[in-house]
Structures are given as structure tokens and as C-alpha cells.
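Novice: The sequence shown runs 1 to 480 under this note's numbering. Note that the Cβ used here is the ideal one computed from N, Cα and C, for glycine as well. Could you have a look at this structure, given as C-alpha cells, before my questions?
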Amino acid sequence: MFNSAFILYTLGSVLNKIAYLLLLPIITALVTNGDGLAEFSQSFVIILFFSFLLTWKKPINMALRVKDMLLMTTLIWVVVGLFSALPFIFIKHISLTDAYFETMSGLTTTGSSVLSNLNNTAPSLLMWRSTLQWIGGLGMIVMAVAILPFLNVGGMTLFRSESSDWSEKSTPHTKDIAKNIIRIYILLTVLSIVAFMLSGMSFFDAINHSFAALSTGGFSTRDAGLADYSNAAQWVCALFMFLGSLPFLLFLQAAQKRNFKIIAYNQQIVGFTLFIVVTGLFLTGYLYQQHIFNFNDSLRFSFFSLINILSTSGFTLVNFDTWTSATTIIFAFAFLIGGCSGSTAGGIKIFRFQIIFSLLKIQIQTLVHPNSVHLLQYNGKKVQNNTLFAIITFIFCYFISIFILSVLLAISGMDSLEALSSAATAIGNVGPGLGPSVGPSGNFANIPEIAKWLMSIGMLLGRLEITTMLVLLFPRYWKM
């Protein structure tokens, strides 16, 4: 049996916070042209009403089992996505399918969109899109620190700390760590707003792009995306996408211990940074040598596009899939890698590739020296067999999920390339796909309706690290 009372109470508590987040677009409507004020006020009342229905009576039993946590984690994202879609329906008068797709893309920080004519869209709705990404990125960080390591989802026990212990004794400590991470997230948000304003953006655009960059979401306030802003703004965006791709728990530990070597010598951060630097310089030289751009543009477009894809942000700047076949292949591979664990980024995550490559190195050494003994370590700690098994299982499920979703998208009527890239971008929470319709210069407005629902499921599947949702499909789980 589930602890249904506490799960419903938690859902109501989360909806209560979502309702008050609607005050941001309401204030935006009040200080701009007033568009969306009535619709957001209506959404506020509806969400607050359902929140009250679910929380008016506090449950007696507050204990949660693993079974409850798995169901609750998925339900929170599904239910929040449903209620958060209301403003899109009320203001844009779009279908539930399109509204839910846009909302789920925002909450999962995917950045895929069905909306167009953003230049003439109500500022309040643009603020709501960005807010969804901001809160979705924060939710992913907290989940990666406190929940996924405890459940050993995808080998996340590597990053398990006292903050992941859900016993009554350590729950206050867990809350303290979550609060401190939120403070760091807010501080970086403020810094990014200031940096965007110094680069020439208006206050409104700076807030929206700050929310989208740090959360690695990718929503913009303009149809042309970052192409409508200065080169300095594009570099600022790249910087905060990069910071959003790093483990926030390490930011906290470095600040508390006043020792930033924790960040500089972390194996995951070093590997991620080196990959960006080496690949970015290669792309710069290649684009310049091919006379596609001058050197400055080659440098800027290469690093922005690479960080944009690795951080799974999905901002629009240049149509990189039209450069050359070689660059398209590089970016297609970058789709899969993603950022660091404990960040706002999606993808497979760099630490899993590092561990698999270390395992391959040990296997080769064992073949050369059969009697040698090797210890698989990561960041100076031994990698346990159950963690390694979880990582291999995750990667297998990741590619199987992309294969199944791409087949289903193709059956729904999508072109084969666009179906495959759309599946990869949904599972990886990347944003744009490849092809004329869903590529960096297009959107997902014209794909079949069933494809939008399939991609919404794919986005959530990827955001919850695959197995968190897959376990719900097994009958044995419901009999636990």
C-alpha cells in the first residue's frame, strides 16, 4: 500500500508554491501592458483552490518508503505540468496538447517550443515560460542531491552524502543543504541578471534570459533568440549555461569550506571543462579553415553552440546543423553527453562516460596483464559494483528509450531524421533537433499531436533519469 495521504498532501504543498510563483507574471502584467493579468489571476485562484483541497488536513503518517518516493517524484512533475499549462491555454488559446508540451519543456528545462511570434507575445507569458525553466532547474538540482542518490538511480550513489539520508535524524540537515543550494542558485541568478544588463539587455530580457541560461533551459523572449542581442550577451549566456552545468553541491561545499580547489580538482568538472575547451578550439579552427566564418565568429559560434548543446539548453543563435557534415556529427554526439551530475543540465552526464572509459582501460590492462589487479576509482573513491551496474543499466535504458521513442515518432508521421533527433533531444532535454522543421531555426508546432504527447513523456523520462519512471511500468512495483 502507498502512503496516499502524504503523497497527496505533498502534491498540494508543491501546487501551493506554484500558485505563488504566478505572482511573477502577474506583477509583470501590472507593470507592462496588462496583457495576461486576468488569465494569470484566474490560474492563481484555480491552482490555489486545488492546493487547499489537498492540504487542508495534514496526514498522521509522514513516513515515506522507496515505493512512495518513486511514485511521488513522477506525480509531482506530471501534476505541476498540468496545472502550469493553464496560462498558455487561457492566453494563447492553444490546445491542451500544445500547452502541456510547452509547459513540460519548460519544467524539464528542455527548451523545445511550439510557440512562435514571441516578439509580440504578452510579457507576462514570456516571464511564466522562463519561470517554469528556472524552477524546473532548481527542482532537478534538489532531486539530484537528495532523492536520486538515495534511490541509486543511474549510479547516483557516487554523489551520496549526508544530504541524501532520509532518516528522521538527518532530515533537518537535508533541508539545510537544500536551502543553501537555493541561496546559491538565487545568487547566481542575480549575478547573471546584472551581467546580461551590462551586456546591453533590458531589465525584463535580462531576467528571462538569466532564468533560462542558469537553468540550462533555452527559452528566449525573441523569435531570433540570442541572435537579436550583442556578442557580449552571447558570451554571458555561454558562461552561465556552463555554470548551470556544474554540480551545485560542490559550489556549496567550496563556499562552506572556503576552498575552491574542491571545484578545480573535481574529476567530473575537469573532464567536462577539458572536453569543452578541446572540442571548442577544434571547431573554431575547423570553421575558420573552411572559411565558414571569420575567426572571432568561429570562436564565438563554436563555444556557444557547444556549451548550448552540452548543457542541454537549446538557445537559438546559429543554425549549426547546416555548417558541415563533420560539425553535425560532433553536435549529434554532444546531444548525448550532457552536463555534470547535480546540475540543471540533462543528458547521460559526463561522469558516466568517465567511469565507462575507466572500466574500458582496466579491461585492456587486464588483457595485457591477466594477473594484474586494478581498482576502479572515481574522485579518489572506489566505485562499488552496484553503482557500476546501475550506470551500465542506465546507459542501456537511455539508448533503448531513444530507439523506442524515435520509432513511435516515425510511426506518428515524422521524417526519420527528425524523429530520431527529436527522440534524442527529448530524452536528453536538449531542445532543438536536427532537420528543417525541428532544427535550431525551427520549432515543434507542426509535428503531429500524438508526437507532442510522446515527446512530453520523453522529456519527463529523461529529466527523471529514466529508471525513476520505468520502474512504474513493472507490475511487481505495484505489489510491493
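Quick one: what does DSSP say Q377 is sitting in, helix, strand or coil?
Specialist: Strand at Q377.
Novice: K382 by DSSP, collapsed to three states: which one?
Specialist: Correct three-state label for K382: strand.
Novice: Let me make sure I understand the geometry here. Which of P448, G346, Y398 has the alpha-carbon closest to that of R463?
Specialist: Selected option, being the one with the closest Cα: G346.
Novice: Tell me which residue opens and which closes the alpha helix (DSSP H) that L317 is part of.
Specialist: Where L317 is concerned, there is no enclosing alpha helix (DSSP H), given that its DSSP letter is neither H nor E.
Novice: Is it true that the CB of Y9 sits closer than 8 Å to the CB of T55?
Specialist: Their beta carbons are under 8 Å apart, which means T55 touches Y9 by this criterion.
Novice: Taking T468 as the reference, which of I147, A38, L287, I177 has the closest Cα?
Specialist: Comparing Cα positions, the closest option is I147.
Novice: With distance defined between alpha-carbon atoms, name the residue in F301, I307, C340, K381 nearest to G323.
Specialist: For clarity, residue 323 is Trp in the given sequence; the question names Gly instead. The shortest Cα separation from W323 among F301, I307, C340, K381 belongs to F301.
Novice: For R476, verify whether its CB is less than 7 Å away from any heavy atom of the ligand ZN.
Specialist: In the structure shown, the ligand ZN is absent, as is every other ligand, since no ligand is present at all.
Novice: Span of the alpha helix (DSSP H) holding G111?
Specialist: Premise fails: G111 is in no alpha helix (DSSP H) and is neither H nor E.
Novice: Taking all protein chains shown into account, do 16 or more other C-beta atoms lie within 10 angstroms of the C-beta of Q256, making it buried, or fewer, making it exposed?
Specialist: Exposed is the call here.
Novice: Could you name the residues of the same chain whose beta carbon sits closer than 7 Å to that of S51, not counting the 5 residues immediately before and after it, in chain order?
Specialist: Within the same chain, S51 has close Cβ partners G12, L15, N16, A19.
Novice: When you compare the segment 374-392 with the segment 279-291, are there three or more beta-carbon pairs, one atom per stretch, that lie closer than 8 Å?
Specialist: Taking 8 Å as the limit for Cβ pairs, the verdict is that the segment 279-291 does not touch the segment 374-392.
Novice: Count the other CB atoms within 10 Å of the CB of I91; is the residue buried (16 or more) or exposed (fewer)?
Specialist: Result: buried.
Novice: Mapping DSSP to helix, strand and coil, what is F248?
Specialist: Reduced to three states, the DSSP call for F248 is helix.
Novice: Mind checking which residues open and close the alpha helix (DSSP H) that includes Y229?
Specialist: Premise fails: Y229 is in no alpha helix (DSSP H) and is neither H nor E.
Novice: Which value, in whole angstroms, describes the spacing of the CA atoms of W100 and K382?
Specialist: In the sequence under discussion, the amino acid at residue 100 is Tyr, which differs from the Trp named in the question. Rounded to the nearest angstrom, the two C-alpha atoms are 43 Å apart.
Novice: State buried or exposed for A63, treating a residue as buried only when at least 16 other CB atoms are found within 10 Å of its CB.
Specialist: Under this definition A63 is an exposed residue.
Novice: Closest to I60 by C-alpha separation, out of H93, S4, L86, would be which residue?
Specialist: When only C-alpha atoms are compared, the closest one is S4.
Novice: Helix, strand or coil, according to DSSP, for V438 in the structure here?
Specialist: Of the three classes helix, strand and coil, the one that applies to V438 here is coil, per DSSP.
Novice: By Cβ distance, which residues of its chain are closer than 7 Å to A122, with the 5 residues on each side in sequence left out?
Specialist: Excluding residues within five positions, the ones whose Cβ falls inside 7 Å are D35, G36, I91.
Novice: Given a cut-off of 8 Å, decide if S412 and I450 are closer than it, judged by their beta-carbon atoms.
Specialist: A contact, by the Cβ cut-off of 8 Å.
Novice: Touching or not, the segment 306-321 and the segment 235-245, by the rule of three or more beta carbon pairs under 8 Å?
Specialist: Yes: at least three Cβ pairs fall under 8 Å.
Novice: Straight-line CA distance for L360 to G244?
Specialist: If you take the alpha carbons of L360 and G244, they lie about 29 Å apart.
Novice: Compare the Cα-Cα distances from I135 to each of I94, L115, I392, V80 and report the closest residue.
Specialist: Of the listed residues, the one whose Cα sits closest to I135 is V80.
Novice: Just how far apart, CA to CA, sit M241 and S210?
Specialist: Taking the straight line joining both Cα atoms gives about 9 Å.
Novice: Hey, out of M455, S130, L125, I184, whose CA is closest to I141's CA?
Specialist: For I141, the nearest C-alpha among the options comes from I184.
Novice: Tell me whether D165 sits in a helix, a strand or coil according to DSSP, three-state version.
Specialist: In this prediction, D165 scores a pLDDT of 36, lower than 50, which makes its location untrustworthy; the coordinate-derived value is nonetheless stated afterwards. In the structure shown, D165 sits in coil (DSSP, three-state: anything other than H, G, I, E or B).
Novice: Can you check the segment 8-64 for any alpha helix (DSSP H) of at least 4 residues that lies completely inside it and give the ranges in chain order?
Specialist: Counting only runs of 4 or more, we get 23-31, 37-55.
Novice: Measuring CB to CB, does A233 end up less than 8 Å from G200?
Specialist: Yes.
Novice: Which runs of the alpha helix (DSSP H) spanning at least 4 residues fall entirely within the segment 64-132, listed in chain order?
Specialist: For the segment 64-132, whole alpha helix (DSSP H) runs of length 4 or above, ordered along the chain, are 66-84, 86-92, 96-107.
Novice: Cβ of G217 within 8 Å of Cβ of D321?
Specialist: No, they are not a contact pair.
Novice: Report the three-state DSSP secondary structure of D415 (helix, strand or coil).
Specialist: Reduced to three states, the DSSP call for D415 is coil.
Novice: Can you tell me the Cβ-Cβ gap for V114 and A423, rounded? I've got them flagged as a contact below 8 Å.
Specialist: Rounded, the Cβ-Cβ distance is 17 Å, inconsistent with contact.
Novice: Express the C-alpha separation of P25 and S215 in angstroms, rounding to a whole number.
Specialist: Taking the straight line from one Cα to the other gives about 18 Å.
Novice: Here's the rule I'm using: 16 or more other beta-carbon atoms within 10 Å means buried, otherwise exposed. How should P436 be labelled?
Specialist: Classification of P436: exposed, given that the 10 Å Cβ count is below 16.
Novice: Leaving out five residues on either side along the sequence, give the residues of the same chain with a beta carbon under 8 Å from the beta carbon of L325.
Specialist: Rather than Leu, the amino acid found at residue 325 in this sequence is Ser. There are no such residues.
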